[in-house]
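The structure appears below as structure tokens.
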């Protein structure tokens with residue numbers, strides 16, 4: 122059933138990683154990405170792997186979740202690995218017609234694969250340990266300086282929050298409409314492409330109608346409570362940086378410095 | 010003949026996850042053809058889950074569902090034909106309208122059945138007549154109609170399939186008393202004319218008392234009882250303990266019987282109450 126799709130992969134918890142300030146967590150994720158990309162050799166990358174793995178252990182997120190987050194990118198990993206293996210020049214290990222596998226190719230392929238895996242697993246940890254609302258809150262605060270350039274930061278964050286809030290509602294609604302039309306004999310499972318596309322009309326039209334209705338109602342409800350945009354708006358939940366946040370920043374900065382050092386020391 | 014039968018029907022949502030929830034547990038029931046069954050239960054008691062099993066929208070986690078004598082899930086290819094035999098009107102069905110005109114929306118079901126255009130046409134007109142939609146309304150867009158009219162269009166969309174069993178989930182939710190009586194009256198007329206089986210899910214005991222012949226009570230995912238309406242309302246105290254209100258007439262008569270007055274506590278309609286009071290008073294005089 123459509124209900125079983127999970128969007129927003131937040132895993133509620135009370136671990137030190139969960140408790141980090143969302144702003145800090147976003148910056149840490151960015152720092153981690155930087156670290157992965159400046160690592161030039163296996164030692165630097167190994168440091169990245171250890172760091173990511175350690176973060177998962179501390180966050181108490183089941184390690185199976187790493188595999189789950191990697192599932193959609195497996196084709197990309199395989200694709201880049203194969204390309205690297207075939208098209209990087211160097212000492213040939215095996216050759217057949219115009220296909221040539223080189224030592225350097227294999228090295229780059231493995232290196233890139235590990236880098237992508239860390240990238241996805243690391244950024245997934247951010248969404249696993251941060252609720253969507255906290256995440257948008259963090260994004261809004263981080264983008265605050267852009268207000269100087271008249272960039273609608275608050276409006277953007279509000280739109281994201283509303284969109285996230287309504288995803289489960291709309292899924293439920295879709296489920297209900299699908300059941301209702303199936304009860305009237307709508308056939309959604311069989312037929313060719315055109316037939317299936319046409320079968321979606323009885324589901325999409327009521328869904329659109331109810332989305333507009335909900336948007337109208339929400340706008341009215343917000344106006345009734347005097348919502349008028351971000352200007353002068355205060356927050357109920359203030360974000361605070363704690364000692365844990367500074368410690369985490371320290372760790373990631375130290376690791377980045379370590380990778381830079383490794384790059385310089387081990388060519 | 011039985012119209013619908015379930016055997017040890019159990020349904021679990023999201024099995025083997027932290028969100029696992031048993032919504033219906035071990036429900037065995039046999040509903041005879043031609044009955045008008047009121048389905049009662051608290052929010053979350055499993056009513057909606059139960060009725061979605063009866064036309065194969067949900068597959069039982071364990072147990073079986075029979076329509077007539079046939080096992081609903083024996084042959085998946087025939088599943089769709091059972092959906093036409095057991096018509097299900099969801100809660101707030103007006104949110105599922107999509108047709109350009111009222112006519113085309115009502116025709117959706119019969120067209121899916123593969124009927125000829127002539128048959129579809131007569132089905133649509135007959136269904137529209139049952140819910141009191143005029144000819145002129147049929148050519149309008151369903152989105153132009155009022156809330157009550159939209160609901161009637163949606164109900165007509167299921168009636169047009171001419172199902173042997175008609176299930177309605179809270180068909181009067183959110184309507185004013187006038188609209189409620191009108192829809193219930195139309196359903197009653199439909200039942201009397203077609204002699205088919207009807208299951209009416211409702212929160213209002215008055216509605217069930219006025220219309221149904223049998224009552225099915227769900228409590229915490231289990232079947233509490235399935236019996237004649239007067240027997241069920243006669244167990245008023247147990248129902249109240251489950252947080253279900255019995256009709257006002259039942260409440261009065263139950264407390265009269267409790268005070269030792271020789272009165273039949275199974276009375277639940279105003280008319281029957283009048284007769285019972287007269288009988289009781291007469292007997293009382295004779296006793297003196």
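Protein chains in written order, with my numbering: chain A, 122 to 388; chain B, 10 to 297.
The beta-carbon is built from N, C-alpha and C at its ideal position, and this holds for glycine as well.
- For residue 69 of chain B, there are no C-beta contacts with chain A under 9 Å, since the nearest C-beta of that chain is about 14 Å from it.
- Measuring C-alpha to C-alpha distances from residue 280 of chain B to each of B:266, B:264 and B:259 identifies B:259 as the nearest.
- Looking from the CA of residue 160 of chain A, the closest CA among A:277, A:347, A:309 and A:229 belongs to A:229.
- The C-beta of residue 240 of chain B has fewer than 16 other C-beta atoms within 10 Å across all chains shown, which makes the residue exposed.
- C-alpha of residue 217 of chain A to C-alpha of residue 244 of chain A: approximately 39 Å in a straight line.
- When secondary structure is reduced to three states using DSSP, residue 20 of chain B falls in the strand class.
- Residue 216 of chain A carries a strand assignment under DSSP once its states are collapsed to helix, strand and coil.
- Membership of residue 226 of chain B in the beta strand (DSSP E) is indicated by the continuous run 223-228.
- Put simply, of B:164, B:203 and B:174 the residue whose alpha carbon is nearest the alpha carbon of residue 191 of chain B is B:164.
- Comparing C-alpha distances from residue 139 of chain A to each of A:291, A:325 and A:180 shows the shortest one belongs to A:180.
- In this structure, DSSP gives residue 266 of chain B a helical state, which the three-state scheme calls helix.
- Contact between the segment 99-113 of chain B and the segment 295-307 of chain A is established, with three or more Cβ pairs separated by less than 8 Å.
- Proximity of residue 210 of chain B to chain A, defined by a Cβ-Cβ separation below 9 Å, is not satisfied.
- For the segment 300-316 of chain A, the residues whose beta carbon sits under 8 Å from a beta carbon of chain B are, in order, 300, 301, 302, 303, 304, 305, 306, 307 and 308.
- Below the 7 Å Cβ cutoff, chain B contributes 104 as neighbours of residue 331 of chain A, in chain order.
- Apart from the 5 residues on each side of it in sequence, residue 347 of chain A has no Cβ closer than 7 Å to any other Cβ in its chain.
- Nearest to residue 253 of chain A by alpha-carbon distance, out of A:289, A:379, A:241 and A:219, is A:289.
- For a Cβ distance threshold of 8 Å, residue set 304 and 305 of chain A lies close to residue 167 of chain B, ordered along the chain.
- Closer than 9 Å to the CB of residue 205 of chain B there is not a single CB belonging to chain A.
- Its chain contains 211, 212 and 214 as the residues whose beta carbon lies nearer than 6 Å to that of residue 224 of chain A, once the 5 sequence neighbours on both sides are disregarded; these appear in chain order.
- Secondary structure in the segment 174-216 of chain B: the beta strand (DSSP E) runs of 3 residues or longer, each lying completely within the stretch, are 174-178 and 206-210 in chain order.
- Under a criterion of Cβ atoms nearer than 9 Å, no residue of chain A is adjacent to residue 134 of chain B; the nearest Cβ is some 18 Å distant.
- Between the segment 215-228 of chain B and the segment 40-52 of chain B, the count of Cβ pairs shorter than 8 Å is three or higher; the stretches touch.
- Bridge partners of residue 50 of chain B according to DSSP: B:227.
- Among the residues of chain B, none has a CB under 8 Å from the CB of residue 183 of chain A; the nearest is roughly 12 Å distant.
- Counting every other CB atom within 10 Å of its CB across the protein chains shown gives residue 162 of chain B a total of 16 or more, marking it as buried.
- Counted as a single uninterrupted DSSP element, the beta strand (DSSP E) harbouring residue 32 of chain B occupies residues 30-41.
- The Cβ atoms of residue 235 of chain A and residue 188 of chain A do not sit closer than 9 Å to each other.
- Under the three-state reduction of DSSP, residue 285 of chain A is assigned to helix.
- The Cβ neighbour count for residue 266 of chain A, taken over all protein chains shown within 10 Å, is under 16; the residue is labelled exposed.
- Excluding residues up to 5 positions away in sequence, 166, 167, 169 and 170 lie with their Cβ nearer than 7 Å to the Cβ of residue 118 of chain B in the same chain.
- For residue 61 of chain B, the closest Cβ of chain A is nearer than 9 Å.
- For residue 66 of chain B, the nearest CB of chain A lies under 9 Å from its own CB, placing it at the interface with that chain.
- Taking 9 Å as the CB threshold, residue 121 of chain B lines the interface with chain A.
- Using a Cβ-Cβ cut-off of 8 Å, residue 170 of chain B is close to 305 and 306 of chain A, given in chain order.
- With a beta-carbon spacing of about 15 Å, residue 178 of chain A and residue 239 of chain A fall beyond the 8 Å limit used to define contacts.
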